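Asks: Note that the sequence shown covers residues 24 to 608 in this note's numbering.
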Amino acid sequence: MTNAEVTQVLDQVADLLEFQGANAFRVRAYRNAARAVQGLSEPLARIAADENRKLTDIPGIGADLSAKLRDLLATGKLPLLEELRALYPAGALDMLRIPGLGPKKAAALYRELKIASLDQLRTACLAEQVRALKGFGAKTEAAILAGMEFAATVQPNRLYWAVADDFARQIREHFAPCQEIRQLEIAGSYRRGKETVGDLDILIDAADPTPVMDRFAEFPGLDAVLGRGDTKMSIRLATSLQIDLRIVPAESYGAALQYFTGSKEHNIVVRARAKDRGLRINEYGVFRVTDPDAKGPTAGKIVAGKTEAEVYAALGLPLFPPELREGRREFEWADSGKLPRLIELSDLRADLHMHTTESDGRSSLAEMVAAAQARGLAYIAITDHSKRVSMANGLDADRLKRQWDQIDRLNDQLKGFRVLKGVEVDILEGGPLDLDDSTLALADWVVASVHYGQNQPREQITRRIVDALSHPAVCAIAHPTGRLINIRKSYEVDLDAVYATAVRYRKFLELNASPKRLDLDDLACAAAKEHGVPIVISTDAHSTAGLDAMRFGVLQARRAGLTKDDVVNTSDWPAVLRRLGRAGG
Ligand code: DGT
Ligand code: CA
Ligand code: CA
Ligand code: ZN
Numbered sequence: 024m025t026n027a028e029v030t031q032v033l034d035q036v037a038d039l040l041e042f043q044g045a046n047a048f049r050v051r052a053y054r055n056a057a058r059a060v061q062g063l064s065e066p067l068a069r070i071a072a073d074e075n076r077k078l079t080d081i082p083g084i085g086a087d088l089s090a091k092l093r094d095l096l097a098t099g100k101l102p103l104l105e106e107l108r109a110l111y112p113a114g115a116l117d118m119l120r121i122p123g124l125g126p127k128k129a130a131a132l133y134r135e136l137k138i139a140s141l142d143q144l145r146t147a148c149l150a151e152q153v154r155a156l157k158g159f160g161a162k163t164e165a166a167i168l169a170g171m172e173f174a175a176t177v178q179p180n181r182l183y184w185a186v187a188d189d190f191a192r193q194i195r196e197h198f199a200p201c202q203e204i205r206q207l208e209i210a211g212s213y214r215r216g217k218e219t220v221g222d223l224d225i226l227i228d229a230a231d232p233t234p235v236m237d238r239f240a241e242f243p244g245l246d247a248v249l250g251r252g253d254t255k256m257s258i259r260l261a262t263s264l265q266i267d268l269r270i271v272p273a274e275s276y277g278a279a280l281q282y283f284t285g286s287k288e289h290n291i292v293v294r295a296r297a298k299d300r301g302l303r304i305n306e307y308g309v310f311r312v313t314d315p316d317a318k319g320p321t322a323g324k325i326v327a328g329k330t331e332a333e334v335y336a337a338l339g340l341p342l343f344p345p346e347l348r349e350g351r352r353e354f355e356w357a358d359s360g361k362l363p364r365l366i367e368l369s370d371l372r373a374d375l376h377m378h379t380t381e382s383d384g385r386s387s388l389a390e391m392v393a394a395a396q397a398r399g400l401a402y403i404a405i406t407d408h409s410k411r412v413s414m415a416n417g418l419d420a421d422r423l424k425r426q427w428d429q430i431d432r433l434n435d436q437l438k439g440f441r442v443l444k445g446v447e448v449d450i451l452e453g454g455p456l457d458l459d460d461s462t463l464a465l466a467d468w469v470v471a472s473v474h475y476g477q478n479q480p481r482e483q484i485t486r487r488i489v490d491a492l493s494h495p496a497v498c499a500i501a502h503p504t505g506r507l508i509n510i511r512k513s514y515e516v517d518l519d520a521v522y523a524t525a526v527r528y529r530k531f532l533e534l535n536a537s538p539k540r541l542d543l544d545d546l547a548c549a550a551a552k553e554h555g556v557p558i559v560i561s562t563d564a565h566s567t568a569g570l571d572a573m574r575f576g577v578l579q580a581r582r583a584g585l586t587k588d589d590v591v592n593t594s595d596w597p598a599v600l601r602r603l604g605r606a607g608g
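Here it is as structure tokens:
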């Protein structure tokens, strides 16, 4: 165990003792020990292993702790910690990981509000129950909410794809000066566009591995080189992200790319397909097995390996887009010649969910329009919040109509671009929409969404969404499950009922492209398609920069196997109206 790990265990004990309301001296003993270990200039394990030295010589460590630490170093476990943990629901202890929320406050939340999960904590904060507790307040409540988001973005064990993409860009830039590199790809879940990425897997074809690996050892933010061999090297960054690097010969590059792109599930089927043809596939290539007794990864006659396309072709398979390689339906599609032609970013003509400074956006109407034009879009919908979302300065009917007048005037000046008069109307806790029907009827485009009452039982929340979807003015449900990746789970919504309603009333469902949302997710988008529900990919931008999130949505849509036709906002506006079954289209 490293000193950092021991420190963490001691701090956890102190946290739990404090959570329990234990004697302050006892809490302090563990805190002091944690600081003492943290401050050591050599490994605690080395001191413990030295017969001539005593742990009690370390200031802050007494006889009792010395024995516990020896136990911890020997077994990797501290019984006291496990005992303390067992006293409380794991979800309640999750609160201890939120920055800005100390053990005492967490204990009060558990005691007073019976909070036993982060979901419940979020709900209590949003319901403004937390601020009412003694020693809390509106500021603390807001800090807790912010802390929950922070915890999920800074120290998750899986990165948002968008964050991984930033590292991917850094990797490419870092290796750009390396003359030895002939090919470089980042494989793994990153290449498959998975919504979160565990680690990054770099594949390089290089004339000489040594300078490439030397360069890798200089990667910014490097914390440790975890290992370095002739062709493989792994590093860990201070942010705890691991990056694996493999150097592969050109003749195996395609096979390695195929292998390390995965997924495991996809590769299992690929290997079986190879076997059916008397072939063997691995990261070195596709081999014809001539002598079944021959050993070694490259035994036999190599039939493919240089490119992914030839590797798949050797197995009678198409070059699957990486996003489809999840071992879901891609082989069935390939076998029946129905591999979908996946949607691309350039297919998108509109963005139909975004905010301005009128509610909680940071850019003005004019700025959003200019930014959308600069991105090559043909039309957008402005969908600020409705009044119920008071903390986002949501609009009432009067303000909304004034905004729509402004949009009318703006459209008069615009050429070859149209701004739709829209709104993101809240689906109220009790069911009806947050704006009256006559106001909503004046809108070109209405997305409806749940922001309150997210923890309602399945039947209730499903009813709200289904009713909203059947409202004549509503075009789509925004972020239909409400999940925030790594932060908040979906509502208990019955998506099958939602799909059925969407089909019945010719409505759409949103794929919210914000990298933390990606809602509907890939599986739900695929299910929606099965049911015949068109998807609208929207950024929900709260600034001009937010419009760039479209590509994250497109990636998720590709993972769902969606084509251009499956996505509403690849068409022009009249075609969208026709799809809604509305006149004027
Ligand atoms: P991640 O990093 O957890 O987001 O997911 P991946 O898919 O990037 O997984 P990773 O990094 O463990 O390995 C990258 C790819 O390499 C994986 O998708 C398939 C392949 N691969 C790596 N190790 C193994 C293995 O032990 N068995 C098999 N079948 N495939 C492997
Ligand atoms: Ca990986
Ligand atoms: Ca890996
Ligand atoms: Zn929104």
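Think of the CB as a built atom: it goes at the ideal place given N, C-alpha and C, for glycine as much as any other residue. The structure presented is a predicted model; accordingly, all values stated were derived computationally and were not measured.
(1) As an exercise, report each continuous alpha helix (DSSP H) stretch of at least 4 residues that is fully enclosed by the segment 84-162, in chain order.
(2) Between which two residues does the alpha helix (DSSP H) holding tyrosine 528 run?
(3) Hey, could you find the ends of the alpha helix (DSSP H) isoleucine 405 is sitting in?
(4) Looking at phenylalanine 310: is its Cβ nearer than 8 Å to the Cβ of arginine 300?
(5) Within the segment 238-285, note down every full alpha helix (DSSP H) run reaching 4 residues or more, in order along the chain.
(6) Using 8 Å as the threshold, is the segment 241-259 in touch with the segment 156-169, meaning 3 or more CB pairs across them?
(7) With distance defined between alpha-carbon atoms, name the residue in Val446, Ala389, Lys539, Glu346 nearest to lysine 512.
(8) What are the start and end residues of each continuous beta strand (DSSP E) run of 3 or more residues lying completely inside the segment 553-606, in chain order?
(9) Of the residues Ser493, Leu546, Asp544, which one's Cα is nearest the Cα of arginine 529?
(10) Do leucine 223 and ligand 2 come close, with the Cβ less than 7 Å from some heavy atom?
(11) Please state the DSSP three-state secondary structure of serine 322.
(12) Can you tell me whether DSSP reads methionine 24 as helix, strand or coil?
(13) Buried or exposed: glycine 445, going by 16 or more other Cβ atoms within 10 Å of its Cβ?
(14) Any idea if aspartate 544 is buried or exposed, counting beta-carbon neighbours within 10 angstroms, 16 or more meaning buried?
(15) Relative to the alpha-carbon of aspartate 374, which residue among Gly83, Trp596, Leu96, Ala147 has its alpha-carbon at the smallest distance?
(16) Relative to ligand 1, is the shortest distance from any of its heavy atoms to the C-beta of asparagine 290 smaller than 7 Å?
(17) Pull up the distance between the alpha-carbon of valine 177 and that of glutamate 553, whole angstroms please.
(18) Tell me, please, whether the segment 431-451 touches the segment 395-410 by the rule of three or more beta-carbon pairs shorter than 8 Å.
(19) Quick one, which of Arg195, Val220, Ala229, Arg181 has its alpha-carbon nearest isoleucine 204's?
(20) Give me, in chain order, the residues of the same chain whose beta-carbon lies closer than 7 Å to that of alanine 57; leave out the 5 immediate sequence neighbours on both sides.
(21) Spell out a yes or no on whether the segment 502-517 and the segment 572-589 are touching, meaning 3 or more CB-CB pairs, one atom from each, closer than 8 Å.
(22) Nearer than 7 Å: is that true of the beta carbon of aspartate 407 relative to any heavy atom of ligand 3?
(23) Have a look at glutamine 265 and lysine 77 and give me their C-alpha separation to the nearest angstrom.
(24) Answer yes or no: the CB of serine 382 versus the heavy atoms of ligand 2, is any distance below 7 Å?
(25) Is the number of C-beta pairs between the segment 558-574 and the segment 393-401 that are closer than 8 Å three or more?
(26) Contact defined as beta carbons within less than 8 Å: I believe glutamine 43 pairs with leucine 107. What is the distance between those atoms, to the nearest angstrom?
(27) Whole angstroms are fine: how far does the CA of cysteine 498 sit from the CA of leucine 603?
(28) Any chance the CB of lysine 2 is under 7 Å from a heavy atom of ligand 1?
(29) I need the straight-line Cα distance from glutamate 482 to leucine 451, nearest angstrom please.
(30) Are the beta-carbon atoms of glycine 158 and alanine 131 separated by less than 8 Å?
(31) With a 10 Å radius around its C-beta and 16 neighbouring C-beta atoms as the bar for buried, classify leucine 458 as buried or exposed.
(32) Quick check on the burial criterion: 16 or more other C-beta atoms within 10 angstroms. Buried or exposed for proline 363?
(33) Indicate whether glutamate 274 and glycine 328 have their beta-carbon atoms separated by less than 8 Å.
(34) Per the contact definition of three or more C-beta pairs closer than 8 Å, is the segment 209-221 in contact with the segment 277-296?
(35) So glycine 417 and serine 382 are in contact, right, with Cβ under 8 Å, and what is the actual spacing, rounded?
(36) Under 8 Å: do the segment 578-593 and the segment 353-371 share three or more Cβ pairs, one atom per stretch?
Replies: Once the coordinates are examined:
(1) List check, alpha helix (DSSP H) in window: 86-98, 102-109, 113-116, 126-136, 141-149.
(2) If you number the sequence shown from 1, residue 528 lands on position 505. First-last of the alpha helix (DSSP H) with tyrosine 528: 518-528.
(3) Taking the first residue of the sequence shown as 1, we reach residue 405 at position 382. No alpha helix (DSSP H) holds isoleucine 405; the beta strand (DSSP E) holding it covers 402-405.
(4) By 1-based counting over the sequence shown, the position of residue 310 is 287. By 1-based counting over the sequence shown, the position of residue 300 is 277. Contact flag unset, no.
(5) List check, alpha helix (DSSP H) in window: 276-284.
(6) Counting Cβ pairs under 8 Å, fewer than three are found: no touch.
(7) Sequence index remark: in the sequence shown, residue 512 carries index 489 (1-based). Taking only the C-alpha atoms, the option nearest lysine 512 is Lys539.
(8) Whole beta strand (DSSP E) segments, 3+ residues: 558-561.
(9) Within the sequence shown, residue 529 is the residue found at index 506, counting from 1. Checking every option, the nearest Cα to that of arginine 529 belongs to Ser493.
(10) Residue numbering aside, residue 223 sits at position 200 when the sequence shown is read from its first letter. Yes - ligand 2 has a heavy atom lying nearer than 7 Å to the Cβ of leucine 223.
(11) The residue labelled residue 322 in the question sits at position 299 within the sequence shown. Serine is not the amino acid found at residue 322; the sequence shown has alanine there. In the structure shown, alanine 322 falls within a coil segment according to DSSP collapsed to helix, strand and coil.
(12) Here residue 24 corresponds to residue number 1 of the sequence shown, with the count starting at 1. If DSSP states are grouped into helix, strand and coil, methionine 24 belongs with coil.
(13) Taking the sequence shown and counting its residues from 1, the one referred to as residue 445 is at position 422. Buried is the call here.
(14) Residue mapping note: residue 544 aligns to position 521 of the sequence shown, counting from 1. Looking at its Cβ environment, which holds 16 or more other Cβ atoms inside 10 Å, aspartate 544 is buried.
(15) Residue numbering aside, residue 374 sits at position 351 when the sequence shown is read from its first letter. Here the closest residue by C-alpha is Trp596.
(16) By one-based count along the sequence shown, residue 290 stands at place 267. Yes; taking the cut-off as 7 Å, the Cβ of asparagine 290 has a heavy atom of ligand 1 nearer than that.
(17) For this step, residue 177 is matched to residue 154 along the sequence shown. For this step, residue 553 is matched to residue 530 along the sequence shown. Because the pLDDT at valine 177 is just 48, under 50, the model does not fix this residue reliably, and the point stays unresolved.
(18) Yes: the two stretches touch, three or more of their Cβ pairs being nearer than 8 Å.
(19) In the sequence shown, the residue the question calls residue 204 occupies position 181. Distance from the Cα of isoleucine 204 is smallest, within the candidate group Arg195, Val220, Ala229, Arg181, for Ala229.
(20) Locating residue 57 in the sequence shown gives position 34, where the first residue counts as 1. Within the same chain, Thr30, Leu33, Asp34, Ala37 come within 7 Å of alanine 57 by CB-CB distance, once the 5 residues on both sides are set aside.
(21) With a cut-off of 8 Å, the segment 572-589 and the segment 502-517 do not count as touching, because too few Cβ pairs lie within range.
(22) One-based indexing of the sequence shown puts residue 407 at position 384. No, since every heavy atom of ligand 3 falls outside the 7 Å radius drawn around the Cβ of aspartate 407.
(23) Your numbering for residue 265 matches position 242 in the sequence shown. Your numbering for residue 77 matches position 54 in the sequence shown. When rounded, the distance between both Cα atoms is 36 Å.
(24) Translated into the one-based positions of the sequence shown, residue 382 becomes position 359. No heavy atom of ligand 2 is found nearer than 7 Å to the CB of serine 382.
(25) Contact between the segment 558-574 and the segment 393-401 is present, because at least three Cβ pairs lie under 8 Å.
(26) By 1-based counting over the sequence shown, the position of residue 43 is 20. By 1-based counting over the sequence shown, the position of residue 107 is 84. The Cβ separation is near 7 Å, so the contact holds.
(27) As a first step, residue 603 must be located in the sequence shown, where it is residue number 580. As a first step, residue 498 must be located in the sequence shown, where it is residue number 475. Taking the straight line from one Cα to the other gives about 7 Å.
(28) Nothing can be reported for residue 2: it is not among the residues displayed for the chain, which extend from 24 to 608.
(29) For this step, residue 482 is matched to residue 459 along the sequence shown. For this step, residue 451 is matched to residue 428 along the sequence shown. Rounded to whole angstroms, the separation of the alpha carbons of leucine 451 and glutamate 482 is 15 Å.
(30) Residue 158 sits at position 135 when you count from the first residue of the sequence shown. Residue 131 sits at position 108 when you count from the first residue of the sequence shown. In terms of Cβ geometry, glycine 158 and alanine 131 form a close pair [threshold 8 Å].
(31) Translated into positions along the sequence shown, residue 458 becomes position 435. Burial call: buried.
(32) Translated into the one-based positions of the sequence shown, residue 363 becomes position 340. Proline 363 counts as buried, since no fewer than 16 other beta carbons sit within 10 angstroms of its beta carbon.
(33) Within the sequence shown, the letter at position 251 stands for residue 274. Within the sequence shown, the letter at position 305 stands for residue 328. Yes, the pair counts as a contact, with Cβ atoms nearer than the cut-off.
(34) Note that the segment 277-296 touches the segment 209-221; at least 3 beta-carbon pairs, one per stretch, sit closer than 8 Å.
(35) Mapped onto the sequence shown, residue 417 falls at position 394. Mapped onto the sequence shown, residue 382 falls at position 359. Contact holds; Cβ gap of about 6 Å.
(36) Yes, they touch.
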